Amino acid sequence: MSYPHLSTPVSLGSLILKNRLVMSQMTMNYAAAEGFVTEKLIRYYLERAKGGVGLILVEGTFFTPEGRGYKNQLSLSSPDHVKGLRQLTDAAHGVADAPKIFLQIHHSGWRASSKVSGLPPVGPSTFAPYPGAEVARDLSVKEIKELVEAHILAAAMAKEAGFDGVDFHCAHGYLIPSFFSPLSNQRTDEYGGDLAGRTRFLLEIIRGTKERLGRDFPVTIKISGDEYIEEGLALKEMVKIARMAEESGIDGIMISAGTVGGKKVEDLSQAHKVLRTLPMMTNPGCLVPLAAEMKKTLRIPVIAVGRINHPALAEDIIVKGQADLVAIGRALLADPYFPRKAFAGKEEEIRPCIACNEGCYKRIFQQLDIRCSVNPTLGREEEISCPPAASPKRVAVIGGGPAGMEAAYAARERGHHVLLLEASEKLGGQLNLASLPPGRKEIERFCKFIKNRLQRSGVKILKGKRATASLLQKHGPDVVILAAGAHPRRIKIRGLEEERMISAWEVLSSRGGIREPILVLGAGLVGCETADLLSEAAKNVLLAEILPEMAPGQDADTKAYFTLKFKKNGVEVLTGTELRSVEGEKAILQRGAEEFQVRVETVVYAVGSQANDELYKELVSSGLKVIKIGDCVQPRTIMEAVQEGFQAGRSI
Ligand SMILES: Cc1cc2nc3c(=O)[nH]c(=O)nc-3n(C[C@H](O)[C@H](O)[C@H](O)COP(=O)(O)OP(=O)(O)OC[C@H]3O[C@@H](n4cnc5c(N)ncnc54)[C@H](O)[C@@H]3O)c2cc1C
Ligand SMILES: Cc1cc2nc3c(=O)[nH]c(=O)nc-3n(C[C@H](O)[C@H](O)[C@H](O)COP(=O)(O)O)c2cc1C
Ligand code: SF4
Numbered sequence: 015m016s017y018p019h020l021s022t023p024v025s026l027g028s029l030i031l032k033n034r035l036v037m038s039q040m041t042m043n044y045a046a047a048e049g050f051v052t053e054k055l056i057r058y059y060l061e062r063a064k065g066g067v068g069l070i071l072v073e074g075t076f077f078t079p080e081g082r083g084y085k086n087q088l089s090l091s092s093p094d095h096v097k098g099l100r101q102l103t104d105a106a107h108g109v110a111d112a113p114k115i116f117l118q119i120h121h122s123g124w125r126a127s128s129k130v131s132g133l134p135p136v137g138p139s140t141f142a143p144y145p146g147a148e149v150a151r152d153l154s155v156k157e158i159k160e161l162v163e164a165h166i167l168a169a170a171m172a173k174e175a176g177f178d179g180v181d182f183h184c185a186h187g188y189l190i191p192s193f194f195s196p197l198s199n200q201r202t203d204e205y206g207g208d209l210a211g212r213t214r215f216l217l218e219i220i221r222g223t224k225e226r227l228g229r230d231f232p233v234t235i236k237i238s239g240d241e242y243i244e245e246g247l248a249l250k251e252m253v254k255i256a257r258m259a260e261e262s263g264i265d266g267i268m269i270s271a272g273t274v275g276g277k278k279v280e281d282l283s284q285a286h287k288v289l290r291t292l293p294m295m296t297n298p299g300c301l302v303p304l305a306a307e308m309k310k311t312l313r314i315p316v317i318a319v320g321r322i323n324h325p326a327l328a329e330d331i332i333v334k335g336q337a338d339l340v341a342i343g344r345a346l347l348a349d350p351y352f353p354r355k356a357f358a359g360k361e362e363e364i365r366p367c368i369a370c371n372e373g374c375y376k377r378i379f380q381q382l383d384i385r386c387s388v389n390p391t392l393g394r395e396e397e398i399s400c401p402p403a404a405s406p407k408r409v410a411v412i413g414g415g416p417a418g419m420e421a422a423y424a425a426r427e428r429g430h431h432v433l434l435l436e437a438s439e440k441l442g443g444q445l446n447l448a449s450l451p452p453g454r455k456e457i458e459r460f461c462k463f464i465k466n467r468l469q470r471s472g473v474k475i476l477k478g479k480r481a482t483a484s485l486l487q488k489h490g491p492d493v494v495i496l497a498a499g500a501h502p503r504r505i506k507i508r509g510l511e512e513e514r515m516i517s518a519w520e521v522l523s524s525r526g527g528i529r530e531p532i533l534v535l536g537a538g539l540v541g542c543e544t545a546d547l548l549s550e551a552a553k554n555v556l557l558a559e560i561l562p563e564m565a566p567g568q569d570a571d572t573k574a575y576f577t578l579k580f581k582k583n584g585v586e587v588l589t590g591t592e593l594r595s596v597e598g599e600k601a602i603l604q605r606g607a608e609e610f611q612v613r614v615e616t617v618v619y620a621v622g623s624q625a626n627d628e629l630y631k632e633l634v635s636s637g638l639k640v641i642k643i644g645d646c647v648q649p650r651t652i653m654e655a656v657q658e659g660f661q662a663g664r665s666i
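Quick note on this note's numbering: the sequence shown kicks off at 15 and runs consecutively.
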């Protein structure tokens, strides 16, 4: 078996886990309105159970109304919830060589929102984690004692529902960890003051659970090894808290990092301290040193987590003794069979998570159900198997970007005869550009994965072959899938010669040789990425955006990344600014009523892209059956391209 250390069984309390890979807790927003288990949720976990992981930590589950953090969060707030959860554990335990399964018990504390729960958030003290955040109401001692009891009761119900253990969420600034820090806990009674007071809430929960449910019923916790905020708790204090929890009876501990609030570090060489959702700009395994430090002091199993995206990295962590187990989250959203494929030595078949956060973190913060950019079957696990088509058809796919490649693969899986035509010499479409800016390399892994999978699939691939209506008529397919993507939107600027204008796409693919000062027009994702790339070599880069904000529609961490990077590299950002015209070396810009000039040699335009759908009408009028997918419908993201590709290929 590959990865001999990772695949070795390990003890966790009274249990033996079949291997050292743990599925990290992830709120999916798949539950029904009152937090009841749904068929969708069961199928999602069933697939991960089949995938070969040793332990599943089911997502953060609320148990009191004010502790609810997400609209469709799973709940264990009444005995009525037990039945559905029992179906979930039965499903997971029912697979061959089943994993163990724990439930994470979760109170959002001052991170809850009254918009979701209908109640004011609560915490140890009246506190708001950042300016403008909802202010939490402080809990009375009586309420704290009731909450200790509510945690224990939730654990008891989890046991009744068939879970093999429970995990208490003590990381990321939710209720329990907000007691740990003097910043959020200013109490002077038994639940505040010194460290013993500030950890009392947690330790009473642990001891109470162990007393009520028996020493043999495993309890784990997840904590932040460092809060990474100004005046927050750092590793030294967190080790002390972990030791106290160990002495109180926990059986294992997962080491994450971060909380909400003022960030301490502004240095992107330590990106994980700033970008809490660990996007692709952070390093794989960036939180492992925290786990390794914890392991030096603790006797119980330590679980590392955070951007562990390759089995070789996970194996290395175990070999080096940095942790006893390794948890993976998003990588299991992208591919539930990550463990099974890794242990079978088929890691090149693992669909890689690219840490883009588009389908997961971004959607959870919008209170939406979780999807995945690279995995079209996440949340639609019933569609994983591709049934053979009743009668195989001849399918032609135009375009070898993510949409076309996904469509061709899905159609081939159903047994159709598939021909894919790609105009350029290279498969991948825009992914070839998207992976070039700093910090975007993960996209290349996905591109490589779909290319290799396609090449193994039996799809006939013609590169350097531009599809035309007459070519396709000659070929005579039963169905054409048009996945011709997009091209950059062109603009005309009064007074500016064509040769001083270049599209962001050309800059990314050609690099170098661009005369400064450079004005990048458009601070959407592509404009920001292009300015970022240019500023690595060029000293004089200006970024102008007509909208009032930079990177609109992007998540907070992506915006934070560009803000810090532009500050470091001296990129000047002008929002709410329009380029009116150019006169020689002078660019005339307008912001509100103010008109001003800057010196410019080259204008790089990144003002969006346009669907490349010219062929569509021609194909339809020549009598062909055509399905249009991806950016050639409307330019969007990898997620839509992959999902529409999968749907189109399956639907034939
Ligand atoms: C710089 C950049 C950064 C990006 N970053 C991100 C990101 O971080 N996250 C994200 O989700 N999305 C990102 N995107 C967008 C994402 O890459 C696209 O949404 C996605 O690639 C669209 O896939 P597609 O298959 O529909 O089209 P494309 O990727 O454009 O592929 C279309 C393919 O069709 C081929 N083609 C066109 N006409 C013909 C023809 N007549 N015959 C044969 N072949 C033809 C083209 O050569 C091309 O290879 C980025 C895009 C760019 C340009
Ligand atoms: C959509 C989503 C939901 C999450 N929900 C939880 C949660 O309910 N409880 C928790 O402890 N961590 C939660 N996390 C954090 C993950 O458990 C994990 O610590 C994090 O994603 C880093 O691991 P990864 O890089 O392997 O994904 C969530 C992460 C994601 C992406
Ligand atoms: S949406 Fe992106 S970050 Fe989230 S699991 Fe999928 S690939 Fe990974």
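Each residue gets a CB set at the ideal place from its N, CA and C atoms; glycine is no exception. None of these values were measured; they are calculated from a predicted model.
Asked	Found
Classification of residue 15 by the beta-carbon crowding that lies within 10 angstroms, buried from 16 upward	exposed
Option nearest residue 131 by Cα separation, candidates 86, 103, 477	86
Burial state of residue 144 (16 or more Cβ within 10 Å)	exposed
Paired residues, beta bridge with residue 595 - DSSP	508, 602
Bridge partner(s) assigned by DSSP for residue 586	556
Sufficient close CB pairs (3 or more, under 8 Å) joining the segment 472 to 487 to the segment 319 to 337	no
Any non-hydrogen atom of ligand 3 within 6 Å of residue 323 CB	no
Enclosing alpha helix (DSSP H) for residue 196 [first to last residue]	First-last for residue 196: undefined, no H or E at that position.
For residue 98, the three-state DSSP class (helix, strand or coil)	helix
Validate contact between the segment 498 to 509 and the segment 609 to 628 using beta carbons, cut 8 Å, 3 pairs	yes
Rounded separation between residue 351 and residue 659 - CA only	21 Å
Among 277, 311, 328, nearest to residue 267 - alpha-carbon criterion	311
Of the residues 195, 159, 180, 347, the one placed nearest residue 186, counting alpha carbons only	195
Backbone secondary structure at residue 437 - three-state DSSP	coil
Residue 344 CB to nearest heavy atom of ligand 3 below 6 Å	yes
Opening and closing residue of the beta strand (DSSP E) in which residue 184 lies	179 to 184
Proximity test, residue 444 beta-carbon vs ligand 1 heavy atom, cut-off 6 Å	yes
Of the residues 641, 168, 320, the one placed nearest residue 238, counting alpha carbons only	320
Three-pair Cβ contact test at 8 Å for the segment 203 to 218 versus the segment 97 to 116	no
Residues sharing a beta bridge with residue 152, DSSP	137
Check: residue 320 C-beta below 6 Å from any heavy atom of ligand 2	yes
Any non-hydrogen atom of ligand 1 closer than 6 Å to residue 412 Cβ	yes
Residue 582 versus residue 610: straight-line alpha-carbon distance, rounded	25 Å
Distance, residue 507 Cα to residue 347 Cα	45 Å
Neighbourhood of residue 126 by C-beta distance below 7 Å, restricted to the same chain and skipping five residues each side	80, 81, 82, 83, 135
Three-state class that DSSP yields for residue 343 in the structure shown	coil
Supposed contact pair residue 520 and residue 478 - C-beta distance, whole angstroms, cut 8 Å	In fact, because the Cβ distance is near 20 Å, the residues do not count as touching under 8 Å.
Residue nearest to residue 330 in terms of C-alpha spacing, selected from 19, 644, 650	19
Close Cβ partners of residue 385 (< 7 Å) along its chain, the five nearest in sequence each way excluded	373, 377, 392, 393, 653
Contact check, residue 295 vs residue 453, beta carbons under 7 Å	yes
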